[in-house]
Amino acid sequence: MPSRFRDVLLERCGGRLVLTVNNTRERCLWLYPLDEWETVERKVAELPSFDPTAQELKRFLIGYATDCELDSAGRVRVSPLLREFAGLGKRVVLIGQRNKFEIWDELLWNKRCEEWLQQMAPEGRQLPIELESISL
-3 MPSRFRDVLL
7 ERCGGRLVLT
17 VNNTRERCLW
27 LYPLDEWETV
37 ERKVAELPSF
47 DPTAQELKRF
57 LIGYATDCEL
67 DSAGRVRVSP
77 LLREFAGLGK
87 RVVLIGQRNK
97 FEIWDELLWN
107 KRCEEWLQQM
117 APEGRQLPIE
127 LESISL
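Here the sequence shown stands for residues -3 to 132, where the numbers follow the numbering used here.
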């Protein structure tokens, strides 16, 4: 992890993090600072228990959640179960997503980027209304 991220995480949450699986069809992991995870976990736990989709979300996000800490080199140990879930090989990619990081196998990340770029290419493709008003 780049030193600037490590320093921010050490200051913000003492290097205490939570690693869990992505709850979509994407095979990546989500890495949350502990304080951010506590907010996410509370929201997920409050979802209705009788809704099958909400129950599935709880099982994945909370069920796979693992406490971890940054070591002195800014690394996080990923359990074999989580490595297998995400198909992590020797090289991984860390992607910042505002309140969390995504951890991807590098080959899968590159493949998915190509797929996303091809999906964005068609002429006349409409942006969702939520994205039309964003100026980047």
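A virtual CB, placed ideally from N, CA and C, is assigned to each residue, including glycine. If you're wondering where the values come from, they're calculated on a predicted model, not measured in any experiment.
Report task. Indicate whether glutamate 42 and valine 14 have their beta-carbon atoms separated by less than 9 Å. Result -> no
Report task. Go ahead and label tryptophan 100 buried or exposed: buried means 16 or more other beta carbons lie within 10 angstroms of its beta carbon, across all protein chains shown. Result -> buried
**Report entry** Proximity winner among Gly92, Asn95, Leu6 and Pro76, relative to lysine 86 (alpha-carbon distances)
**Finding:** Pro76
Query raised in the report: Ordered along the chain, which non-local residues of its own chain (more than five positions away) have a Cβ less than 7 Å from that of threonine 35?
Result: none
Query raised in the report: What number of angstroms, rounded off, separates the C-alpha of leucine 5 from the C-alpha of glutamate 111?
Result: 32 Å
Query raised in the report: Leaving out five residues before and five after leucine 104 in sequence, what residues of the same chain have Cβ atoms less than 7 Å from its Cβ?
Result: Arg23 and Gly83
Report task. Excluding the 5 residues preceding and the 5 following phenylalanine 81 in the sequence, name in chain order all residues of the same chain whose CB lies nearer than 6 Å to its CB. Result -> Val17
Query raised in the report: In three-state terms, what does DSSP make of threonine 138?
Result: No information on residue 138 is available, as it lies outside the stretch -3 to 132 that the chain covers here.
Query raised in the report: Can you tell me the Cα-Cα spacing of lysine 96 and aspartate 47, whole angstroms?
Result: 26 Å
Requested in this report: Using three-state DSSP, classify threonine 62 as helix, strand or coil.
Outcome: strand
Query raised in the report: Under 9 Å, do serine -1 and glycine 92 count as touching if we go by C-beta distance?
Result: no
Requested in this report: Using the Cα positions of glutamate 98 and alanine 50, report the straight-line distance between them to the nearest angstrom.
Outcome: 22 Å
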